[in-house]
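Line by line, the protein sequences give chains A and B.
So for the first sequence, the working numbering puts the first residue at 476; every next one is plus one.
So for the second sequence, the working numbering puts the first residue at 9; every next one is plus one.
Report on one structure; see the data block that follows.
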Amino acid sequence: MIRKIIYGIFILIIVSAIAMFLRGTPFGVDKMDVGKYYLEETIPQTGAANVVTSVTLFYRGFDTLGEVTVLFTAALGVAVLLFIEDKKRKMTYVKANFVTKIGTRIVFPFILLTGAYIFMHGHLTPGGGFQGGALIATGFLLLYLAYEETSIDRKKFYLVEGLGGLTYVIVGLLGYFMRDSFLANVLPNGTLFDLLSGGIILPIYIGVGLKVGSELANIVDDLFCEVKCTGGE
Amino acid sequence: MVNLANPTLLVALPLFFAFLSIIIAPFTKKVIKFIPLLASLINLVIVYFIGVEVFGGNIVIGGTAGLTAPFAIVLAVDKFNYLILLLVNLLGAVISFYNIFYVKEEPSDRFHILFLLLIMSSTWITITGDLFNMFVAFEVLSISSFGLVGYLRNSDAIEAGFKYVVLGMLAGSLILLGVVLVYAQTGTLNMAHIASKLDTLSAYSKLIPFVLIFFGLAVEGALFPLNSWLPDAHPAAPSGVSAMLSGIITTTAIYSIIRVIVTVFNYSAFIPYLYIIALLTLFFGEIAAFYQKDIKRMLAYSTIGQTGLFVLAFSVGTQGAISASLSQIINHSISKAILFLTSGIMIESAGVRDIEDLRGFGKQHIFTSILFVFAALSLIGIPPFLGFFTKIAILQNILDFQGILGYIGFAFILGLAIVEGVYFYKVFAVMFSNGDKSFKNFNQWLLVAPFLLVLILVVLSARPMEVINYTYSASGQIIQRTLYITSVLGGLK
Chain A
476 MIRKIIYGIF ILIIVSAIAM FLRGTPFGVD KMDVGKYYLE ETIPQTGAAN
526 VVTSVTLFYR GFDTLGEVTV LFTAALGVAV LLFIEDKKRK MTYVKANFVT
576 KIGTRIVFPF ILLTGAYIFM HGHLTPGGGF QGGALIATGF LLLYLAYEET
626 SIDRKKFYLV EGLGGLTYVI VGLLGYFMRD SFLANVLPNG TLFDLLSGGI
676 ILPIYIGVGL KVGSELANIV DDLFCEVKCT GGE
Chain B
9 MVNLANPTLL VALPLFFAFL SIIIAPFTKK VIKFIPLLAS LINLVIVYFI
59 GVEVFGGNIV IGGTAGLTAP FAIVLAVDKF NYLILLLVNL LGAVISFYNI
109 FYVKEEPSDR FHILFLLLIM SSTWITITGD LFNMFVAFEV LSISSFGLVG
159 YLRNSDAIEA GFKYVVLGML AGSLILLGVV LVYAQTGTLN MAHIASKLDT
209 LSAYSKLIPF VLIFFGLAVE GALFPLNSWL PDAHPAAPSG VSAMLSGIIT
259 TTAIYSIIRV IVTVFNYSAF IPYLYIIALL TLFFGEIAAF YQKDIKRMLA
309 YSTIGQTGLF VLAFSVGTQG AISASLSQII NHSISKAILF LTSGIMIESA
359 GVRDIEDLRG FGKQHIFTSI LFVFAALSLI GIPPFLGFFT KIAILQNILD
409 FQGILGYIGF AFILGLAIVE GVYFYKVFAV MFSNGDKSFK NFNQWLLVAP
459 FLLVLILVVL SARPMEVINY TYSASGQIIQ RTLYITSVLG GLK
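This is the structure in structure tokens:
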């Protein structure tokens, strides 16, 4: 009991210190000169209508490569921890009802389409590779929930996942070889608001979208794999 | 002509191999185990080219996105982090070679990819010149080590992995919050740019972001009292991973702490507290190691103690003391990696981890035991090994710390070196006593990795002055933070 009180006081001190600190901290005022530079230079430099995307994928593209790797690593970690040697293990299913089955059948293609739309328009509209990819993965989650016989072909999904990641690295390396700077913009900027604009953002986001989608679908498969995991063989 | 001395390649190429191997893994599983070795050898070539520049006195900058410093992320290598960079990739290559023969449990392909990511991320956190980028690298580092710690999936590994996940993720969020607060203060994320702006701010506005980032990194850096995950995690992992975690991952986190304290925040007021934290880390690590019965657990506690030792030396703050601390980092990384690799062989051969069960091992497998003894002697600081010179250098410099604390530190280091000697002596005594237990044979290729590291250790022990001279000029570069700031920012101010 005394312990809990001490912990509580401790947490209170930390939280109030941070809160007081935040009160005295100005957000979004003129000292953000890096942010101002991005706002002014995005369109001439990257040709992307969405400034946020140009920051995440162009100016701070190296960080996003890291975030892509975080997800990749997490998927690998899940695959390691849920790896099942005993393939005979049985699990009882809860059968999905009729509405779920038919609904899934109708909704699934639209989910894929919306996901693809979101990651292809990352440089024009809010959204991008991660969001689109996550949406695609929810489609596969729905398939697993509705049809117990669902099993994705892991080889193909790994192929897509790897190719998506490779796209990012290779586009980056192209910048390195052509302009001596990793992830430098090597593609033409195009006309503003066109689908084919924004330089390297579009190919990278397509890669990221496919990668995230297949990766999360793989995680879903791993979580369902209590019954039918093939361990990637 | 493409310039190979570019730090971004050190991240990009291993990632290329990692994504490539997830594609080829389902088809030819056997190739995957060579990929971490291949990638870290390629990295070593690039590290060599960077080294040529660094030894010329330059700070090597790798830009991204075709832009200059504060607007895009840059990676920067000076003499100080070059040393850590070299150690990471050297140990990474050697331990990957060991893993080829050591890892038998499935899914081994995932293991090797995760190990590659571990090497890549610790390289990344070492060379980055951007605060948020450091956080991203930290995330990759922690997540890949979670998977590797839990890899064996027995109850030990799962428990250790879970503790590690909870603390590691908490640490990550603390760092993120700290970085956000720094950004709110300065409007930039580049370390050098932050440094040039924070100087004008009050001490109070530095305090909270600094404390958050420091405690976040201190979890991974195993500083007291945030190191409770380490004695579980390091022994539970496969031995190659323990060698990597103990030998170098802890050190990279300590490096980040040093970079944040010295270059970014220039926070000299914190140094006395760091000294006390390091003193406690040293004390509890070594005392706990003394009572261990499990050999890998003993080595893990010894890692905590050693971490305390070199942080203690660093926090004295003079150029000589930082140089001694860096030399001790070299000594500790190499010897601890050897100790974990050889103890992995012992465990494989004996089937158990208790020290008592190794009775008679030294008589049956003399070569393995000698490698173990060499590394242990260097870690304790027995002449003529490198550890002797580095510990002497630390003792010479520790008294520069003002007041009574300097003398306490001196006494602690000497006293705890004896404790260290005693617990390693207990292991030697058990190993070389007569025992009737017969030990299994093991794959002789496993010995190559620790043998190579012992060779490096012997070469370094033969010329300690060169090590200390190098670390002396390296610590000169970390103290002169204006040099780093102006080189990274170029003409901009």
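In this text, a Cβ means the ideal position worked out from N, Cα and C, and glycines have one as well.
Span separating the alpha-carbon of residue i from that of residue j
i, j, result
"Leu185(B)", "Ala192(B)", "11 Å"
"Leu599(A)", "Val148(B)", "29 Å"
"Lys205(B)", "Phe143(B)", "20 Å"
"Ala383(B)", "Ile346(B)", "6 Å"
"Ala77(B)", "Ile484(A)", "42 Å"
"Asn477(B)", "Gly484(B)", "11 Å"
"Gly176(B)", "Asp669(A)", "43 Å"
"Gly229(B)", "Ile488(A)", "25 Å"
"Glu636(A)", "Leu691(A)", "10 Å"
"Gly665(A)", "Ile676(A)", "12 Å"
"Val496(B)", "Ile133(B)", "17 Å"
"Ile202(B)", "Phe533(A)", "21 Å"
"Gly74(B)", "Tyr512(A)", "15 Å"
Beta-ladder partner(s) of residue i, from DSSP
i, result
"Val68(B)", "Val85(B)"
"Asp138(B)", "Asn198(B)"
Coil, strand or helix - residue i by DSSP
i, result
"Asp362(B)", "strand"
"Phe657(A)", "strand"
"Phe302(B)", "According to the sequence provided, residue 302(B) is Asp. The question's Phe does not apply to it. Three-state DSSP puts Asp302(B) in a strand."
"Asp408(B)", "coil"
"Thr76(B)", "coil"
"Gly255(B)", "helix"
"Ala523(A)", "coil"
"Asn162(B)", "coil"
"Pro44(B)", "helix"
"Ser502(B)", "Coverage of chain B is limited to positions 9 through 501, which leaves residue 502(B) absent and any answer about it impossible."
"Asn693(A)", "helix"
"Asp444(B)", "coil"
"Arg367(B)", "coil"
"His242(B)", "helix"
"Gln488(B)", "coil"
"Lys37(B)", "helix"
"Ser153(B)", "helix"
"Ile675(A)", "coil"
"Leu394(B)", "helix"
"Asn51(B)", "helix"
N-terminal and C-terminal residue of the alpha helix (DSSP H) that residue i is part of
i, result
"Asp628(A)", "That residue, Asp628(A), is in no alpha helix (DSSP H); it is neither H nor E in DSSP."
"Asp538(A)", "Gly536 to Leu556"
"Met199(B)", "Met199 to Leu206"
"Pro217(B)", "Ala211 to Glu228"
"Ile577(A)", "Phe573 to Met595"
"Lys112(B)", "Neither: Lys112(B) is in no alpha helix (DSSP H) and is coded neither H nor E."
"Gly607(A)", "Gly604 to Ala621"
"Gly483(A)", "Ile477 to Arg498"
"Ser276(B)", "Segment: none, Ser276(B) is in no alpha helix (DSSP H) and carries neither H nor E."
"Leu18(B)", "Thr16 to Ile32"
"Thr376(B)", "Ile374 to Ile388"
"Ile464(B)", "Val456 to Ala470"
Residue i burial status per 10 Å Cβ neighbour count (16 or more: buried)
i, result
"Asn162(B)", "exposed"
"Met252(B)", "buried"
"Tyr299(B)", "exposed"
"Gln404(B)", "exposed"
"Ser236(B)", "exposed"
"Val174(B)", "exposed"
"Ser210(B)", "exposed"
"Lys112(B)", "exposed"
"Val68(B)", "buried"
"Tyr433(B)", "exposed"
"Tyr281(B)", "exposed"
"Thr528(A)", "buried"
"Phe27(B)", "buried"
"Gln336(B)", "buried"
"Lys686(A)", "buried"
Residue i Cβ short of 6 Å to the ligand SAH heavy atom set
i, result
"Leu46(B)", "The ligand SAH is not part of the structure shown, which contains no ligands of any sort."
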